[in-house]
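Participant:
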Amino acid sequence: MGIVNISHRDLMSVESPGRYVGGEPNQCIKQEVIDSIVNTGSCKEVRTAFCFPDVYEIGMSNLAMQILYNCLNSLDYVYCERAFAPWLDMCNLMREKNIPLYTLETKSALFDFDIVAFTLGYEMCYTNVLLMLDLGKIPLLSKDRTDKDPIVICGGPVTYNIEPMCDFFDAVMMGEGEESILEVAEVIKKYKDSGKQSRKEVLKALSKIEGVYIPSFYEAVFSDKEGEKTYYTEAYSRIKKEDGTVEEVPVTFKGVAPVQTGLRKLEPEAPDVITKRIIKDLDNVLYPTDPIVPNNGIVHDRAYLEIFRGCIRGCRFCQAGFIYRPVREKSPDTLCKQGIAIEHNTGYDELGILSLSSSDYTGLKELTDGLLDAFEGRHSSLSLPSLRIDNFALDLMEKVSSTRKSGLTFAPEAGTQRLRDVINKGITEEDIMASLKLAFTGGWNTVKLYFMLGLPTETMEDVEGIALLARKIEQLYFDTARELGIKARKPEITVSTSMYIPKPFTPFQWERQNCKEEFLKKQSYLRSLLKSKNIKYNWHDVESSLWEVVLARGDRRLNKVLLEGYQSGLTYDAWDDQFKFDTWMSLLEKNGLSWETYARNYDTDEVLPWDHISVGVRKDFLLSEKKKAYDETVTPNCRVKCSGCGATCFKVGECVASR
Amino acid sequence: MTMQKHQKQYVQRAVFTRKGALSYIGHLDLMRTFERAIRRAELPILYSQGYNPRPMMVFALPLGVGIHTEGDVVDVPMSVPVDPDEFISKVNAELPVDLKILSSISIPEPKDSLMSIVAAADYRIEANGIGTVASKILDFEEVITTKKSKGKIITVDIRDLILDVNTIDDDSIVLKVAAGSSKNLRPDVFMNALCSSVNYDKESALDATVTRTALYCNCEGKLVGIA
């Protein structure tokens, strides 16, 4: 039994020890289970360690974790606890003193759990998964685990292409987890009750659950141009010979990295296609109204209210816009009740309204009126990100903001109308100018503008368009002040650019990524054009975007690369000061791969590593959207006209409403 | 901006303890934890004026990370009178298990802020063998040690900040030090000084557990316990 007793001295020797102690209001304590663990070393309940592969302050800001923690703990036969990645100082201490990674609730070592579940929100957290498994003393590779090891599962938006990490997980849950996590828990309960006879059998049972993918039941097939083949079933690229022996083979064929040409089932009963799960009725699914309130300050220290899932817009670069379809709203009535309960149960003075595009929520006025009424006199407020700026929004922002007028945020994404049409960003320069005119008239003077560099078809003219737009906005500010006959303050305009990363399940999933030189050239060109002292230019690091595309569109060969990266000490890739681009590139090279292997233009008839996963949106729809992008033709949003993307297969939400 | 009329305050002066997990958070986090508990308890706490109103609470003295307390004091101003027993039970029901209000009294709005009257504090320090050497430090005329101040390491004489060392047994002492906004001695600085002045073992110093046991104000030249 692994109950960790971490000493006062050890806690005092690390930064922010409050990360490692738990004890927050609303954390789940199942005393009978704890007593049983302490007295007998075990319990009959399914013990789940819910893991977030980053530090406490980031993980506790994650809504998925709070939701699923509550779902699992709502079952009396499950006890779910939390674990986070320890920061580097704590990692060193744990290694030095042989302290296993433990959960905050009972301080139990990860290896003692029946289920170890990860939520994966971004690709750059992959090495931290390995870090947590390693510190938790769990074999890293699924194939090396035995019946006494936990079942390691994951879910979250990046798992739709989990191939680069698939050797480390026993099961992967596609889509929204509120219902499927309970089905998984039920299967594990039976497995535990039966004395954990066969790991293979429990994986088979899990594969019967809709939306659950068992990577080890498949192997990827790769071929070079001559059609030679090799099979990848595990982290080490080996060929299985007919007599059952295994031979190591080089990954590179004649100097050219082969491409994936298929996925072969090793288990006849495994499904050909795994379709993501969705929650059909968001009004009647558990939503935590008593989330854990951290004692130690976290990144987003507020309560959250999720108002709908999906997005009607269909911007062609945006993965979230496709993978969360169809759009499903919660009713304002449900939301008001939940919002009021959350504010009461947490003591937070700020409730964040969460969705991909708050302005598209049909009940926004009813909801915000209801909540603001309820919060009257309680010194509580709302925060509303992703609002489209119009009269209603400005009025609302005025009402909710207790502080001075905060900045306005726009995401035109591209500098010219041509490119905005290519990416299907349903926003015109007139829209932006009209919104800003309203805002400037209302006294706002701080504007943040977000753009991407390296979008498909982008030219230097489009890059220049970003600067022109920023300057027009600067001019509009002074013109508006003159019209109003007031003395202009200084406008503060911030232009931020990120690097475009083509992602799976978008119309641009086949597109090449710009290379480092192209990105740098565009950044420096833009910098030379944005010299006004009223305009500030922020740019992102190029190299992390180059690595992210590899992980986002990667295949099974990357498991070995990630493992070697972790073994050579790489973790916390999402943290700029820890990210080691050159090491990753040399590890790719060592394995016969390169950035180009994954950043290149993919043929549209090529097998994609994520082809066996379905998010509802069909591949032929994505292809037709890609063609429309090159024709600079826009696709209307879901409410204007159904574009027939395929998400109707779920028979709910906007798909039903608009028919 | 219009001047806000001063609102009448009904103050609860509460004595609280902290231990376990809650000892590892910083002072700002501790304040926020109290704020949220009082908000959850639906008590009529007063808010500061201005752009960003915060619940008005005054802690006597910040508690360093890792330090437990058996008797810290906080003033919580309310807009209407609240019965102390009701205050204690409602807030304790909402506080995390490792924080607890021991007692509370209703006081009139204090003329001087609670923070400004703190003059001294007692710390119980439990560490291997500390009782056998610590009181020797009182024989020194000066105790020179280093501490971090504004990012720089400076040398200071802390002798006159050490008011008393009371030996309980071989492994524990009660240290009385100057505390508050003008003169303040942190227990970790004292421990460093103990290592350098009386050769106390550095390893044992790292294992020390520190508990604040009392806070004092200066009343006509004498130290009097607060609350």
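Residue numbers (my numbering), protein chains in the order written: chain P, 127 to 785; chain G, 118 to 344.
Glycine residues also receive a C-beta, built at the ideal position from the N, C-alpha and C atoms.
Note that this is a predicted model, so its numbers are computed, not measured.
1. Would Leu311(G) count as contacting chain P if we go by Cβ distances under 9 Å?
2. Mapping DSSP to helix, strand and coil, what is Arg145(P)?
3. For a contact defined as C-beta to C-beta under 8 Å, what are the partners of Arg135(P) on chain G?
4. Contact between the region 541-551 of chain P and the region 510-529 of chain P: three or more CB pairs below 8 Å?
5. I'd like to know whether the C-beta of Glu812(P) is nearer than 9 Å to at least one C-beta of chain G.
6. Ends of the beta strand (DSSP E) at Arg403(P)?
7. Quick one, are the C-beta atoms of Arg303(G) and His185(G) less than 9 Å apart?
8. Flag Met191(P) as yes if its beta-carbon sits less than 9 Å from any beta-carbon of chain G, otherwise no.
9. Sorted by chain position, which residues of the same chain lie with C-beta nearer than 7 Å to Tyr724(P)'s C-beta, five sequence neighbours on each side aside?
10. Is Asp521(P) close to chain G? Criterion is C-beta to C-beta, closer than 9 Å.
11. If you drop the 5 nearest sequence neighbours on each side, which residues of the same chain put their C-beta closer than 7 Å to that of His123(G)?
12. Counting only beta-carbon separations shorter than 9 Å, does Thr359(P) have a partner in chain G?
13. Please list, in chain order, the residues of the region 265-288 of chain G that have any C-beta partner in chain P closer than 8 Å.
14. Work out the CA separation of Tyr205(P) and Glu222(P) for me, nearest whole Å.
15. Taking 9 Å as the threshold (C-beta atoms), are Thr632(P) and Gly770(P) in contact?
16. What are the residues of the region 125-150 of chain G that lie near chain P, defined by any Cβ-Cβ distance shorter than 9 Å?
17. Distance check for Met625(P) and Asp708(P), CA to CA, integer angstroms please.
18. Using a beta-carbon distance cut-off of less than 7 Å, what residues from the region 160-186 of chain G approach chain P?
19. Mapping DSSP to helix, strand and coil, what is Tyr626(P)?
20. Thinking C-beta only, is Glu207(P) closer than 9 Å to Glu231(P)?
21. Is the shortest distance between the beta-carbon of Met625(P) and the beta-carbons of chain G less than 9 Å?
22. What is the DSSP secondary structure of Cys106(P), reduced to helix, strand or coil?
23. Three or more beta-carbon pairs under 8 Å between the region 419-436 of chain P and the region 479-495 of chain P, yes or no?
24. Does DSSP put His134(P) in a helix, in a strand, or in coil?
25. Tell me whether Gln129(G) is buried or exposed, calling it buried when 16 or more other Cβ atoms sit within 10 Å of its Cβ.
26. From the beta carbon of Asp215(G), is the nearest beta carbon of chain P less than 9 Å away?
27. I'd like the list of long-range same chain contacts for Ile627(P), defined as Cβ closer than 7 Å, with 5 residues on each side in sequence excluded.
28. Would you say Gln126(G) and Pro201(G) are within 9 Å of each other, going by their C-beta atoms?
29. When the Cα atoms are used, what is the spatial distance from Val130(P) to Val147(P)?
30. Taking 9 Å as the CB-CB limit, is Glu152(G) close to chain P?
31. If you scan the region 176-261 of chain P from start to end, which runs of the alpha helix (DSSP H) of 4 or more residues do you find wholly inside it?
32. On the DSSP letters alone, give me the boundaries of the beta strand (DSSP E) that Asn664(P) sits inside.
33. Can you give the Cα-Cα distance for Phe178(P) and Asn196(P), rounded to whole angstroms?
34. What residues from chain P crowd round Arg329(G), counting only those whose CB sits closer than 9 Å?
35. What would DSSP say about Lys217(G), mapped onto helix, strand or coil?
36. Buried or exposed: Gly246(G), going by 16 or more other Cβ atoms within 10 Å of its Cβ?
Facilitator: The relevant details are as follows:
1. Residue numbering aside, residue 311(G) sits at position 194 when the second sequence is read from its first letter. No, Leu311(G) does not count as interfacial toward chain P.
2. Start at 1 with the first residue of the first sequence, and residue 145(P) comes out as number 19. Looking at Arg145(P) - three-state DSSP - the assignment turns out to be helix.
3. As a first step, residue 135(P) must be located in the first sequence, where it is residue number 9. For Arg135(P), the neighbours in chain G by C-beta distance under 8 Å run, in chain order, Leu323, Asp324.
4. no
5. The question about residue 812(P) has no answer, for chain P in this structure spans 127 to 785.
6. Here residue 403(P) refers to the residue found at position 277 when the first sequence is read from its first residue. No residue range can be given for Arg403(P), since it is assigned to no beta strand (DSSP E) and is classified by DSSP as neither H nor E.
7. Indexing the second sequence from 1 puts residue 303(G) at position 186. Indexing the second sequence from 1 puts residue 185(G) at position 68. The answer is no: Cβ separation not under 9 Å.
8. Taking the first sequence and counting its residues from 1, the one referred to as residue 191(P) is at position 65. It does not: the Cβ of Met191(P) has no partner Cβ on chain G nearer than 9 Å.
9. Locating residue 724(P) in the first sequence gives position 598, counting from the first residue. Cβ neighbours of Tyr724(P) beyond the five flanking positions: Val675, Val676, Arg679, Gly680.
10. Taking the first sequence and counting its residues from 1, one reaches residue 521(P) at position 395. Among the residues facing chain G, Asp521(P) is not included, as its CB has no counterpart in that chain under 9 Å away.
11. Position 6 of the second sequence, counted from the start, is the residue given in the question as residue 123(G). The answer is none, since no qualifying residue turns up.
12. Counting from 1 along the first sequence, the entry for residue 359(P) is found at position 233. Residue placement at Thr359(P) cannot be trusted, given a pLDDT of 45 that sits under 50; what the coordinates show is reported in the next sentence. By this cut-off, Thr359(P) is not an interface position.
13. none
14. Start at 1 with the first residue of the first sequence, and residue 222(P) comes out as number 96. Start at 1 with the first residue of the first sequence, and residue 205(P) comes out as number 79. The straight-line gap from Cα to Cα measures roughly 30 Å.
15. Along the first sequence, one-based indexing puts residue 770(P) at 644. Along the first sequence, one-based indexing puts residue 632(P) at 506. Contact: no.
16. Gly137, Ala138, Leu139, Ser140, Tyr141, Ile142, Gly143, Leu145, Asp146, Leu147, Arg149, Thr150
17. Against the first sequence, residue 708(P) aligns to sequence position 582. Against the first sequence, residue 625(P) aligns to sequence position 499. Distance between the alpha carbons of Asp708(P) and Met625(P) is about 18 Å.
18. Tyr164, Tyr168, Asn169, Pro170, Val182, Gly183
19. For this step, residue 626(P) is matched to residue 500 along the first sequence. Three-state result, Tyr626(P): coil.
20. Walking along the first sequence from the start, residue 231(P) turns up at place 105. Walking along the first sequence from the start, residue 207(P) turns up at place 81. Cβ atoms of Glu231(P) and Glu207(P): closer than 9 Å.
21. The sequence position of residue 625(P) within the first sequence is 499, counting from 1. Closer than 9 Å: no.
22. Residue 106(P) falls outside the range modelled here, since chain P spans only 127 to 785, and no answer is possible.
23. yes
24. Indexing the first sequence from 1 puts residue 134(P) at position 8. In the structure shown, His134(P) sits in a helix (DSSP, three-state: H, G or I).
25. By 1-based counting over the second sequence, the position of residue 129(G) is 12. Gln129(G) should be labelled buried.
26. Along the second sequence, read from residue 1 onward, the residue named residue 215(G) stands at position 98. At a cut-off of 9 Å between C-beta atoms, Asp215(G) counts as an interface residue with respect to chain P.
27. On the first sequence, position 501 is the one that residue 627(P) refers to. Excluding sequence neighbours, Ile627(P) sits near Gln639, Ser671, Glu674, Val675, Ala678.
28. To locate residue 126(G), count along the second sequence from 1; it is residue 9. To locate residue 201(G), count along the second sequence from 1; it is residue 84. Their beta carbons are not under 9 Å apart, which means Gln126(G) does not touch Pro201(G) by this criterion.
29. In the first sequence, the residue the question calls residue 130(P) occupies position 4. In the first sequence, the residue the question calls residue 147(P) occupies position 21. So the alpha carbons of these two residues sit roughly 11 Å apart.
30. As a position in the second sequence, residue 152(G) is number 35, starting the count at 1. So, interface residue.
31. 182-185, 189-199, 214-222, 252-261
32. Within the first sequence, residue 664(P) is the residue found at index 538, counting from 1. Asn664(P) -> beta strand (DSSP E) spans 661-665.
33. Here residue 178(P) is taken as the residue at index 52 of the first sequence, counted from 1. Here residue 196(P) is taken as the residue at index 70 of the first sequence, counted from 1. About 15 Å.
34. Working through the second sequence from its first residue, we reach residue 329(G) at position 212. Result: empty, since nearest Cβ-Cβ is about 15 Å, beyond 9 Å.
35. Taking the second sequence and counting its residues from 1, one reaches residue 217(G) at position 100. Reduced to three states, the DSSP call for Lys217(G) is strand.
36. For the purposes of this step, residue 246(G) is identified with residue 129 of the second sequence, where counting begins at 1. By the neighbour-count rule (16 or more Cβ atoms within 10 Å), Gly246(G) is not buried but exposed.
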